[in-house]
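Notes to accompany the following structure.
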Amino acid sequence: PSYRLEINLLGRIFAQNGALYSAITQMNPHTREILRLLRESLEQYQTWYDDEDLDSFVRDFEKSTKHLGDFCLQAYRESSTILDFSVRMNNVPHEGKKEK
Numbered sequence: 058p059s060y061r062l063e064i065n066l067l068g069r070i071f072a073q074n075g076a077l078y079s080a081i082t083q084m085n086p087h088t089r090e091i092l093r094l095l096r097e098s099l100e101q102y103q104t105w106y107d108d109e110d111l112d113s114f115v116r117d118f119e120k121s122t123k124h125l126g127d128f129c130l131q132a133y134r135e136s137s138t139i140l141d142f143s144v145r146m147n148n149v150p151h152e153g154k155k156e157k
């Protein structure tokens, strides 16, 4: 369910106005640096993948966890509430939908 929520949020973004997102990206003074960092990170992940270097991935994961600090637990709790609600809603019979 958590990946479904991520995909739903991604779909929600692409269902909106592309010109708006383009303008936001173009107006953000940090976009160039963010893109550079993303490119470097993707290259690093490609190397770890090619080398089957699971330990480096885990270290990077833990580094991100440390960087985000208490937000990780807060985000976990909040997203768990959303996911639990979503699962309950999917289990409620809807009008016109036959129960199994």
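Residue numbers (this note's numbering): 58 to 157.
From the three backbone atoms N, C-alpha and C, an ideal C-beta is built for every residue, glycine too.
Note that the structure is predicted; figures quoted are calculated from it, not measured.
Which first and last residues belong to the alpha helix (DSSP H) in which H87 is found?
Against the sequence shown, residue 87 aligns to sequence position 30. Looking at the DSSP string, H87 is not in any alpha helix (DSSP H), and its letter there is neither H nor E.
Residue range of the alpha helix (DSSP H) that E135 falls in?
As a position in the sequence shown, residue 135 is number 78, starting the count at 1. Per DSSP, E135 belongs to the alpha helix (DSSP H) from F128 to N147.
Does chain B have any CB closer than 8 Å to the CB of E109?
The displayed structure is made up of one protein chain only, and chain B is not part of it.
How long is the line joining the alpha carbons of H151 and N65, rounded to whole angstroms?
To locate residue 151, count along the sequence shown from 1; it is residue 94. To locate residue 65, count along the sequence shown from 1; it is residue 8. Distance between H151 and N65, taken at the CA atoms: about 20 Å.
Our contact map puts W105 next to S113 with C-beta atoms below 8 Å; I'd like the distance itself, whole angstroms only.
Indexing the sequence shown from 1 puts residue 105 at position 48. Indexing the sequence shown from 1 puts residue 113 at position 56. W105 to S113, Cβ: 5 Å. Contact.
Is the CB-CB distance between L62 and I139 below 8 Å?
Counting from one through the sequence shown, the residue named residue 62 turns up at place 5. Counting from one through the sequence shown, the residue named residue 139 turns up at place 82. In contact: L62 and I139 (Cβ atoms closer than 8 Å).
Just to confirm before moving on: does the CB-CB distance between S143 and P58 stay below 8 Å?
Within the sequence shown, numbered from 1, the residue matching residue 143 stands at position 86. Within the sequence shown, numbered from 1, the residue matching residue 58 stands at position 1. For S143 and P58, yes; Cβs fall inside 8 Å.
Output the distance between the C-alpha atoms of E100 and N74, rounded to the nearest integer angstrom.
Taking the first residue of the sequence shown as 1, we reach residue 100 at position 43. Taking the first residue of the sequence shown as 1, we reach residue 74 at position 17. The straight-line gap from Cα to Cα measures roughly 30 Å.
Range of the contiguous alpha helix (DSSP H) that encloses H124:
Here residue 124 corresponds to residue number 67 of the sequence shown, with the count starting at 1. Looking at the DSSP string, the run of the alpha helix (DSSP H) that includes H124 is L111 to L125.
Three-state class that DSSP yields for N65 in the structure shown
Counting from 1 along the sequence shown, the entry for residue 65 is found at position 8. Helix, per DSSP.
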